Amino acid sequence: MQAVPAVPTRPIRFWLNDEPVALDAVPPTRTVLEWLREERRLKGTKEGCAEGDCGACTVVVGESCPGGLRWRAINGCITFVGALDGKQLVTVDELRGAGGALHPVQQALVDAHGSQCGFCTPGFVMSLYALYQDKRQRGERAVSRREAADALSGNLCRCTGYRPIVDAACAMTAGPWVAPDEAAVAQRLAALSQNPPLAHASAAGEFHAPRSLAELVALRARLPQARLVAGATDVGLWVTKQHRELRALLYTGRVAELLALDEGAGLLSIGAAVPLTDALGRLAAHYPSTRDYWQRYGSPPVRNSGTLGGNVANGSPIGDSMPVLIALGAQVVLAAPRGERRLPLEDFYLGYQQTALAADEVLRAVEVPLGAATVLAYKLSKRFDQDISALALGIVLHLDGEQVREVRIGVGGMAAVPARARATEAALRGRRFDTAALAAAQAALAAEFTPISDLRASAAYRLQAAQNLLRRAWLQASPLAPRGLPLSVHDAAAEPRA
């Protein structure tokens with residue numbers, strides 16, 4: 108038996124439904140799903156894919172935020188127990204309506220015949236419960252079929268079909284609201300916030316949740332082999348699929364500076380631990396033409412846990428955020444004991460999953476310039492929802508009449524790293540945005556990149572599809588192209604997918 112690490116330690120404290128929990132000696136990579144099923148014997152939350160895709164493990168987490176409480180669905184299978192510290196966990200096992208009856212979400216599913224085998228149904232219930240809570244807090248009764256389909260994009264069902272489940276979603280808010288005692292929940296969470304920052308040790312390792320950038324940087328220096336983790340939407344799979352042993356984790360989800368989301372001086376500064384739901388929502392508010400693109404990034408549980416900083420720091424060549432961020436001229440802010448430095452995002456990547464991040468540095472924020480004129484974002488994948496990109500393009504255009512005054516293009520899936528298409532930009536810059544300029548850009552793109560073939564797409568497909576997306580951009584943005592084409596799915600008033 109290994110000795111317990113000699114670090115200051117305290118229990119992991121949170122609320123499970125209406126019960127306070129204090130856990131000692133929890134391995135740093137113990138998942139919420141494992142703990143619920145194996146230790147608490149709460150079997151309503153299921154294990155399906157163990158990678159955050161199927162939604163059978165969906166639970167809802169409540170936490171304090173500016174303006175009150177926030178309830179969001181997450182994947183229990185890839186969330187580590189330490190990340191629950193200071194929060195409220197709601198599971199399907201204890202979901203009740205008035206007087207112990209079925210909750211309105213559950214009753215709506217029964218009335219619409221929206222369940223069958225029961226394996227995936229609990230996950231559907233919890234995803235809809237999160238939507239129900241969001242609607243209640245907003246004071247909105249109506250649930251559109253599109254909203255229902257989007258909320259359930261992280262849940263799979265192969266037994267019944269989605270129509271009755273979507274019917275249930277649209278009907279669940281018709282009756283009197285059933286709400287938790289939010290004043291009591293807020294009081295509980297306020298009491299938990301008085302605990303010192305989490306430092307939890309067991310024989311299996313350490314889990315630290317610092318609350319300031321200074322604490323995080325100091326821990327980074329003291330534990331150079333520790334793994335930084337935010338939403339664990341990638342690191343969680345290292346544990347569940349690759350069975351890696353990670354003995355020390357530095358959780359960024361409580362660091363105040365990394366949770367900041369600020370605007371000023373023409374910049375949007377997104378802290379590295381800001382959940383994707385908030386980060387992408389703010390980006391879409393400034394650039395509405397990207398809204399559909401961001402909607403296809405993971406699923407609500409993934410976006411509620413994952414962070415923009417995590418996606419950027421991961422450095423995957425098919426990461427969804429980087430092509431658009433590169434096109435927008437984003438830069439990363441890197442913090443270390445000696446201070447901060449900034450890098451253009453396209454210069455942050457040195458090779459396949461290799462970045463310019465020094466051993467003692469952490470990613471503090473991503474800064475995105477505001478005010479771009481025309482922003483286009485395209486993603487190609489085998490599924491519409493929650494699928495890895497085969498190819499992604501982000502394009503920012505500044506036009507003077509028919510002439511391209513400035514252009515930036517970010518690409519994903521075309522090289523070992525997310526990249527900026529500089530030669531393609533040069534073929535367009537300063538020219539009339541006509542068919543000749545388009546042809547020159549397509550030729551430059553073909554010469555600039557040599558994509559690979561893999562399970563997602565062949566090299567030939569990627570190259571041709573990227574050239575076709577340039578043509579799509581010309582059709583949508585050039586004053587010399589035919590008019591009347593929609594910029595987004597929402598502009599086209601497309602039917603919901605379910």
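The sequence shown begins at 108 in our numbering and counts up by one.
Glycine included, every Cβ here is placed at the ideal spot set by N, Cα and C.
Remember, it's a predicted structure, so these values are computed and weren't measured experimentally.
Identity of the residue in the options nearest residue i by Cα
| i | options | result |
| --- | --- | --- |
| R563 | S251, R329, I425 and L202 | I425 |
| L374 | A339, A479 and R203 | A479 |
| A333 | L344, T359 and Q349 | T359 |
| E146 | L123, E158, C161 and G537 | L123 |
| I185 | R515, W345 and R117 | W345 |
| E474 | A367, V324 and G343 | A367 |
| P211 | V273, P229 and A278 | A278 |
| R329 | Q549, D131, L387 and A466 | A466 |
| R265 | A163, G169, V342 and V511 | A163 |
| S309 | L130, Q402, L326 and A392 | L130 |
| G458 | R403, G413, P395 and V524 | V524 |
| A463 | G338, Q438 and L477 | Q438 |
| G155 | P115, C227, F491 and A553 | C227 |
| L477 | E447, L432 and Q294 | L432 |
| A281 | P304, N262, A249 and P118 | A249 |
| S171 | L506, P271 and E289 | E289 |
Chain B contact for residue i (CB, 7 Å cutoff)
| i | result |
| --- | --- |
| G373 | Although the question refers to chain B, the structure presented lacks it and comprises just one protein chain. |
Beta-carbon proximity check, residue i vs residue j, cutoff 7 Å
| i | j | result |
| --- | --- | --- |
| L143 | L149 | yes |
| G193 | S319 | no |
| T165 | S234 | yes |
| L500 | P430 | yes |
| T340 | G159 | yes |
| A534 | A547 | yes |
| L498 | A573 | yes |
| Q214 | V232 | no |
| Y400 | K489 | no |
| A428 | L415 | Going by the sequence as given, residue 428 is Ser instead of Ala. Yes. |
| A551 | A567 | no |
| Q195 | G230 | no |
| G378 | L387 | no |
| P444 | A180 | no |
| H307 | G189 | yes |
| L357 | L326 | yes |
| R243 | A311 | no |
| Y456 | G422 | yes |
| Y236 | V167 | yes |
| W178 | Q240 | yes |
Supposed close pair residue i, residue j - CB separation, criterion 8 Å
| i | j | result |
| --- | --- | --- |
| V482 | T397 | 6 Å |
| E513 | L587 | About 18 Å; that fails the 8 Å criterion. |
| A316 | A275 | Going by Cβ atoms, the distance from A316 to A275 rounds to 37 Å, so no, they are not a contact pair. |
| I516 | A434 | 6 Å |
| F556 | A522 | 6 Å |
| L95 | V292 | Outside the displayed range of the chain (108 to 605) lies residue 95, so it cannot be described from this structure. |
| S251 | Q493 | Incorrect: roughly 20 Å between the Cβ atoms, too far for contact. |
| P382 | R410 | 7 Å |
| V133 | R120 | Not a contact, Cβ separation roughly 11 Å. |
| S376 | A472 | 5 Å |
Range covered by the alpha helix (DSSP H) that runs through residue i
| i | result |
| --- | --- |
| D241 | T228 to R245 |
| H393 | L383 to H393 |
| R398 | R398 to Q402 |
| L299 | E289 to L299 |
| A553 | T542 to E555 |
| R270 | R270 to A278 |
| L441 | Segment Q438 to A443 is the beta strand (DSSP E) holding L441; no alpha helix (DSSP H) there. |
| E322 | L320 to R329 |
| I433 | S428 to L435 |
| A421 | Checking the displayed sequence, the identity of residue 421 turns out to be Asn instead of Ala. Segment L415 to N421, the alpha helix (DSSP H) holding N421. |
| G537 | Here G537 belongs to no alpha helix (DSSP H), and DSSP marks it neither H nor E. |
Beta bridge counterpart(s) of residue i as assigned by DSSP
| i | result |
| --- | --- |
| K486 | A499 |
| F455 | Looking at the DSSP assignment, F455 forms no beta bridge with any residue, so it has no partner. |
| V514 | L504 |
| H315 | A306 and L357 |
| T138 | F187 |
| T481 | L504 |
| R334 | L356 |
| E126 | L123 |
| T462 | Y456 |
For residue i, the first and last residue of its enclosing beta strand (DSSP E)
| i | result |
| --- | --- |
| D369 | L368 to G371 |
| L356 | A355 to Y358 |
| T165 | T165 to C172 |
| R120 | I119 to L123 |
| S309 | L305 to S309 |
| G133 | The sequence as given places Val at residue 133; Gly does not occur at that position. Counting along the chain, V133 falls outside any beta strand (DSSP E), and DSSP gives it neither H nor E. |
| W178 | G175 to N182 |
| L470 | V469 to P476 |
| V197 | Q195 to V197 |
| S376 | L374 to G378 |
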